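In the numbering used here, the protein residues as written are 1231 to 1335.
Virtual Cβ for every residue (Gly too), placed ideally from N, Cα, C.
Computed from a predicted structure; not experimentally measured.
Structure below.
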């Protein structure tokens, strides 16, 4: 497992890069071992309370993507909270897109 920080990337730029990384890793890895790449990506409209919070949110989404099946890129966006800088306590994403589901898998 590893993380990527892309502070200046738009949602579409981040998704395109993550899909490319997942495809490249899957191609290289699967040619040698029967494993794949699964990605959980979180886009914050405002910086989270801290790095630990950002990692926690992305990690939770990655495990959700793993539970949905191999080779997925699952992306969620946390909205800007009303009247504050904190993320919702529930951690529930406002929107979510699954690359495998989007591509008809």
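Under 8 Å between C-beta atoms of residue i and residue j
| i | j | result |
| --- | --- | --- |
| residue 1292 | residue 1307 | no |
| residue 1301 | residue 1256 | yes |
Own chain residues within Cβ distance below 6 Å of residue i, not counting five before or after
| i | result |
| --- | --- |
| residue 1270 | 1288, 1291, 1292, 1295, 1304 |
Cβ neighbours of residue i in the same chain (closer than 8 Å, five flanking residues each side left out)
| i | result |
| --- | --- |
| residue 1251 | 1234, 1267, 1269 |
| residue 1273 | 1241, 1244, 1305, 1306, 1307, 1308 |
| residue 1236 | 1243, 1244, 1247 |
Exposure label - residue i; buried when at least 16 CB within 10 Å
| i | result |
| --- | --- |
| residue 1275 | exposed |
Spatial distance of residue i from residue j (CA atoms)
| i | j | result |
| --- | --- | --- |
| residue 1261 | residue 1297 | 23 Å |
| residue 1238 | residue 1264 | 34 Å |
| residue 1285 | residue 1254 | 23 Å |
| residue 1280 | residue 1249 | 26 Å |
| residue 1231 | residue 1277 | 23 Å |
Residue i - partner residues in DSSP beta bridges
| i | result |
| --- | --- |
| residue 1287 | Per DSSP, none; premise fails for residue 1287. |
| residue 1303 | 1269 |
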